[in-house]
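Chains as they are written, first to last, in my numbering: chain A, 42 to 232; chain B, 26 to 200.
Beta carbons: idealized from backbone N, C-alpha and C, even for Gly.
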Amino acid sequence: MTLRRRDVVKKLLDKRGGLLVVAGLGSTAWDITAAGDHDLSFPLWGAMGQAAMLGLGLALAQPKRRVLVITGDGEMLMGIGSLATIGVQQPKNLTVAVIDNERYGETGMQATHTADGVDLAAVAKACGFKNSKLVTKSVDLRSMVHETAGPNFLQIKVAAEKLPLVLPPHDGVHLKERFRKALSDVLAKKP
Amino acid sequence: MQPDWPAEVHQEIAAAGVRVVGYVPDAGHKRLIELCQADKKMRAVPLTTEEEGIGLACGAWLGGERSVLLMQSSGVGNLINVLGMVSVCRFPLVMVITMRGEQGEFNPWQVPMGEASARVLETMGVAVRQAGEPQAIAAHVKLALTRAFEAQGAEAVLIAQKVIGIKSFQEQRSQ
């Protein structure tokens, strides 16, 4: 059965604990919010193509914590060079999950390159990601996100569907400050 | 005696507690990049394009670390849209940018972006500090670091091409 994006993202974020999360511009920012807004989530409202790089910056700054980037196929394609940059840095604590509906969901559902067969999981593998998987059915991804030494890449094929918007806070300063505060609180508890 | 500006800049960024240094190479940054690579407290991160440096810097700041981006002026155009994130979130940002397209530039294709760099950065809300002499560079960088990390500013120090030395086709051929 075809996977549905909100179910997939909800499962990725289930019992997230201290997981640090970045979501790319557009549908994935709404998806993580639908799963439950969280102070340790940084949903992007712009800077298309930069989600994976924010994840890398976070992963390098917090090598003892797990970092998950959840982004769309269009957003990933725009920053595809960042897969090479991550491959060079080899952050063990980073997982990039692409929710791939083969569409630009916010602009009229036009086809992205993945609709014509561009294989993002193969690109990630070729760039040096330790683990790279194409996911087409419901499987448990928890260990990949929380334990497996990375960098890890998941290309998760989902149905192309228009869903109700669930918007996160959009004040950038607030999103940044709440993330840093929540992270410092977590670090204070677990030195 | 000419001041050793790469060593001075490295000292300033080390003293400011910078741990992540993103870079797209430029001949003018060769020595500073090498100093950062050799510094065990710093992580030097080569980028495929300058805009990756903005994502890297913002992600590092979210994670509690300070960073600097080294690049040449031709890459400024690659930053425009993502600088919107820096502005709207007030992420601290320090860029040290070597200039192309100034006096003695051997490649005319470098001129338009070089001439527009300062204006483009300012238009996107980045404070621009022009370092026209080698002895001025470290002081500009120090001020940029303070403004960025203490006052959440976006800062660029532009190092004039005359400081770095002029590339020529003859030189390139002989290398």
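In DSSP terms, what residue i is bridged to
i, result
"B:Thr123", "B:Gln97, B:Ile184"
"B:Leu104", "Beta-bridge pairing links B:Leu104 to no other residue."
"B:Leu118", "B:Ala179"
Residue i classed as buried or exposed, judged by whether at least 16 other C-beta atoms fall within 10 angstroms
i, result
"A:Gly149", "exposed"
"A:Ala75", "buried"
"B:Trp134", "exposed"
"B:Ala179", "buried"
"A:Leu204", "exposed"
"B:Glu59", "exposed"
"B:His54", "buried"
"A:Gln91", "buried"
"B:Leu108", "buried"
"B:Phe131", "exposed"
"B:Ser92", "buried"
"A:Met42", "exposed"
"A:Gly77", "exposed"
"A:Leu208", "exposed"
"A:His215", "exposed"
"A:Lys178", "exposed"
"B:Gln27", "exposed"
"B:Gln212", "Since the displayed chain B opens at 26 and closes at 200, residue 212 of chain B lies outside it and no answer follows."
"A:Asp141", "buried"
"B:Glu75", "buried"
"A:Gln103", "buried"
"A:Ser225", "exposed"
"B:Arg144", "exposed"
"A:Gly98", "buried"
"B:Pro50", "exposed"
Contacts of residue i in chain B (Cβ-Cβ under 7 Å)
i, result
"A:Met94", "Glu77, Gly80, Leu81, Gly84"
"A:Phe220", "Leu87"
Interface partners of residue i on chain B, CB under 8 Å
i, result
"A:Leu216", "Cys114"
"A:Ser123", "Thr73, Glu77, Gly80"
Three-state secondary structure (DSSP) of residue i
i, result
"A:Thr112", "strand"
"B:Gly42", "coil"
"A:Leu81", "coil"
"A:Leu54", "coil"
"A:Leu61", "strand"
"B:Gly47", "strand"
"A:Leu101", "helix"
"A:Leu44", "coil"
"A:Trp235", "The question about residue 235 of chain A has no answer, for chain A in this structure spans 42 to 232."
"B:Leu57", "helix"
"A:Ala76", "coil"
"B:Glu147", "helix"
"A:Leu66", "coil"
"B:Pro137", "helix"
"B:Gln62", "helix"
"B:Glu37", "helix"
"A:Gly96", "helix"
"B:Pro28", "coil"
"A:Gly120", "coil"
"B:Gly109", "helix"
Under 8 Å by beta carbon: chain A residues contacting residue i
i, result
"B:Pro71", "Thr126, Val129"
"B:Met110", "Leu85, Gly87, Ala88, Gln91, Gly213"
Residue i at chain C interface by Cβ criterion, 7 Å
i, result
"B:Glu59", "This model lacks chain C altogether, as its protein chains are A and B."
Contacts of residue i in chain A (Cβ-Cβ under 7 Å)
i, result
"B:Val107", "Ala88, Gln91"
"B:Arg68", "Leu101"
Where residue i meets chain B, residues with beta-carbon distance less than 9 Å
i, result
"A:Leu224", "Leu87, Gly88, Gly89"
Cross-chain neighbours of residue i in chain A, by beta carbon under 9 Å
i, result
"B:Val45", "Gly98, Leu101, Ala102"
Q: Output the residue ranges of the beta strand (DSSP E) runs that lie fully inside the region 151-189 of chain B and measure 3 residues or longer, sorted by chain position.
A: 152-156, 179-184
Q) Which ranges does the alpha helix (DSSP H) cover as unbroken runs of at least 4 residues, wholly within the region 65-92 of chain B, from first to last along the chain? A) 75-87
Q: Would you mind listing the alpha helix (DSSP H) stretches within the region 122-171 of chain A that are 4+ residues and don't spill past its ends, in chain order?
A: 122-130, 161-167
Q. At what residue ranges does the region 165-226 of chain A contain a whole run of the beta strand (DSSP E), taking only runs of 3 or more?
A. 172-176, 193-198
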